[in-house]
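In what follows, a structure is listed as structure tokens, so that the remarks can point back to it.
Numbering (UniProt numbering), first residue to last: 1 to 1019.
Set out below in structure tokens:
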């Protein structure tokens, strides 16, 4: 949302709050006038006594709207226009009304002249001490939902009711005691504090009978949420009808007892070790263990000891094994016995399958352990009744050529060949290249860039037998030596590295504070992946290696990104920096807290990093590419044995040796980029390299794993498919609902200018809902998809398709399409389809009607397919769930083609021609097939209809060069003539058409009259 839109929204909020506050004040003033004018008139007094029962509600509404007005004026920078005197004046009227009503109830007896009894109007008092400031007055608005003062009556009620002299003589004045206010709970998003906040808010607010409006409770809820806790409610309007939706969303996001218990136990395991018996350390110990145990006891775990052991044990399992366990686990708090039993079953499965799992496979003799951050390993899930393909196993295809040695022709692997081992590294390299083998595993069928292993010596992408010692290689080919620093070294003086807090522009152009480390020995700048994600920046692809100390490659180079940095306390323009995205830059710096004497010696300086002596993460590395532009020539020595202060545009940075500090293990940073011969050769070979079947550790393989493990058919035979997320299901897309609201309003403005288009759009949505493919949501979604129309006018008719924009980004810069796998390529080339189509005597084509919308998405993924819609701008916006695969989601083409492929593999055992047609003669949703005779064509047509109908797929738009083939089909199921071969996204392929009647292909060539008499021309 732009600044102008935010300002306009705040102005509307200001106007609404002002109007509501003035309305409440008007009621209070009228009631005050009535109470003052009542005098001794019994009828007027009775009316006032009845009307005063609503005084609490009017004062509560006035306070709430006054608070809202104050907040909006702060946002608009108009705080000087806010008048506290207005609140004080209305408050004085409320006090006078209460006093007048109390006077009405005074006894007429003689004893009433000696004292003034206090009679409460209600059990809930709204008015605080008039001497309190405006903030205290505003806070008292909470009295509409919880008691603020309690009057202790020392007299009997009977003595007050009685009018006899005896009762008056025994009547004593009331003693009013004001109890402290009960503050509303606050919640900052910490799971530890959620149970307490939930229970207190329910007791104090939701169950309070004095609050009769859900919108008021919603306002209180928003006021209780701090930090990022309220992000999940962004975009939900504050109305009386949306509070339950907001509360359910909050509970769904934070009411996770299993996750809370696990986080507490993990906190126990990583609790810091106290080095001395100090008050601070002991209190920290109690805050971790005493509070943690109290929360665990409140969760009422059935077996705390077993769950604790489970948490410890599960951390030692591979990620994929843990995911498989969680998919089969039905207990909220698993026991250690359950995970041990599961692992035993997995071991038995892997042993029976013959050999080890793919996760433990080693390529090229490398003993490098898999990096869970950069490479994901997947095993086939265990057999399940709900899985569609429980018996299908992914096996490495057998290659006859790879079973023979490429060097001597023997029946052994190349890496075991004695002749090959006797050759020099250069000769081995020539043999591998001449046979177009992978440089990493010596296998054919794929290139080395698809192998995730590396050399066991230098960690580069080649087999250990192809490793060449740099000391024996040609000196001219060596990578230039680069200087590198060591930040800490045992038993030597510690070194303080220069750090700074600076501003970096995020994806929205707003400055974000990050911690940077200066390294003049690095040829590049770098940024951590977490920081890049927090800024919402997208990294461009980078394939060349980055090397560091001892020429070792830096792992997990995720790409490059352009940054704009500037000092925190300066109006200086930003500087562009190109940074390489790394999974991590270095460990927290400094590795241990520095002595307080260092800070004391530089206390008079404006520091670039005010917390340079406190251990904290490093998010950005500024190398020599930016080094000269940030430093000046000013230095200040902090004394012998202490580091030196250097002045920079970010402030004074502390750097240099510090004596007598025992330091931990040395740390080093990447310093150089180099281009390897292997990477250049891979690019050259990749031009003609055929697409290999994806192994299980590639993104394509992961996508296949998800599809095979979760897809199944429902009772109607329809396919239920998952959304293939890259790294698990994301929990939220901040601000996405408001973005969808804005896009819907833009769409309505566009459609209102074209009534015909608007009417067709409505008909499409009505049909969508009537078919059950779209239904009204009963809970809030995770991702909201904007939508728009793609249409083509043909005379009086209009072809319209609603396309859903799953690439729309939320406030954090992420979108649904970015989090989904695209999937492997399953589409046949159109040339192959056309060639195979016209080799037959009898040819026919048909279209799978609404193919995407006949494939249903699993219910647990539908929260990512929510849309907003209403049939008229005068109606309230409603939230819908899309239940099927939809246009605009990047995994949709893969899911549709994969379903057809699965039908071809598993439902066509008795009709192989149908399997061949679905695999080889289908382009998008068009099936283009044929047969040598009419009888064979009729049989194929019948088999296609029966096979696809069993999966809920209907065939339409039939066309053939043999009219007898089309007999018996409804007229509305026949296609027109000619048939145009277009891509599914509406882009013509060479403009080719098939004219079934004449049975030939044709092109459409459009002629135009030339401009200024230049004659006709072709386009």
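The beta-carbon is built from N, C-alpha and C at its ideal position, and this holds for glycine as well.
Run through DSSP, which three-state label would residue i get?
i	result
residue 11	helix
residue 774	strand
residue 332	coil
residue 887	coil
residue 1021	Look at the range of the chain in this structure, 1 to 1019, and you will see that residue 1021 is not part of it.
residue 930	strand
residue 67	helix
residue 752	helix
residue 562	strand
residue 656	strand
residue 572	coil
residue 736	helix
residue 512	strand
residue 593	coil
residue 746	helix
residue 950	coil
residue 1001	strand
residue 578	strand
residue 18	helix
residue 100	helix
residue 130	Low confidence applies here, because residue 130 scores a pLDDT of 35, under 50, leaving its location unreliable; read the following figure in that light. Correct three-state label for residue 130: coil.
residue 651	strand
Could you round the C-beta distance between residue i and residue j to whole angstroms and report it? I think they count as a contact, below 8 Å.
i	j	result
residue 218	residue 238	5 Å
residue 501	residue 513	6 Å
residue 583	residue 529	5 Å
residue 32	residue 79	At roughly 29 Å, the Cβ-Cβ gap does not stay under 8 Å, so residue 32 and residue 79 are not in contact.
residue 72	residue 7	In fact, because the Cβ distance is near 11 Å, the residues do not count as touching under 8 Å.
residue 863	residue 782	4 Å
residue 509	residue 539	That belief does not hold up - the Cβ atoms of residue 509 and residue 539 are roughly 18 Å apart, past 8 Å.
Less than 8 Å between the beta carbons of residue i and residue j, yes or no?
i	j	result
residue 776	residue 880	yes
residue 561	residue 532	yes
residue 953	residue 960	no
residue 455	residue 446	no
residue 848	residue 948	yes
residue 901	residue 974	no
residue 856	residue 738	no
residue 339	residue 325	yes
residue 612	residue 565	no
residue 958	residue 837	no
residue 649	residue 527	no
Could you give the residue range of the alpha helix (DSSP H) that holds residue i?
i	result
residue 832	830–837
residue 44	42–51
residue 534	529–535
residue 467	First-last for residue 467: undefined, no H or E at that position.
residue 721	Counting along the chain, residue 721 falls outside any alpha helix (DSSP H), though it belongs to the beta strand (DSSP E) covering 719–721.
residue 503	Careful: residue 503 lies outside any alpha helix (DSSP H), inside the beta strand (DSSP E) at 499–505.
residue 226	From DSSP, residue 226 is part of no alpha helix (DSSP H); its letter is neither H nor E.
residue 264	257–269
residue 195	194–201
residue 586	Counting along the chain, residue 586 falls outside any alpha helix (DSSP H), and DSSP gives it neither H nor E.
residue 254	243–254
Between which two residues does the beta strand (DSSP E) carrying residue i extend?
i	result
residue 634	631–637
residue 955	955–960
residue 799	797–804
residue 460	From DSSP, residue 460 is part of no beta strand (DSSP E); its letter is neither H nor E.
residue 647	644–648
residue 494	494–496
residue 626	Here residue 626 belongs to no beta strand (DSSP E), and DSSP marks it neither H nor E.
residue 621	620–622
May I ask you to check if the CB of residue i is nearer than 7 Å to at least one heavy atom of the ligand COA?
i	result
residue 995	With respect to the ligand COA, the structure shown offers nothing to examine, as it has no ligands at all.
Residue ranges of each beta strand (DSSP E) run of no fewer than 3 residues wholly in the region 406–436, ordered along the chain?
-> If we require 3 residues or more, the region 406–436 turns out to have no beta strand (DSSP E) run fully inside it.
Any chance you could list the beta strand (DSSP E) runs of at least 3 consecutive residues sitting entirely within the region 836–914, in chain order?
-> Taken in chain order, the complete beta strand (DSSP E) segments of 3 or more residues contained in the region 836–914 are 842–848, 866–869 and 878–882.
Uninterrupted beta strand (DSSP E) stretches inside the region 290–321 (no shorter than 3 residues) | Here no run is fully enclosed.
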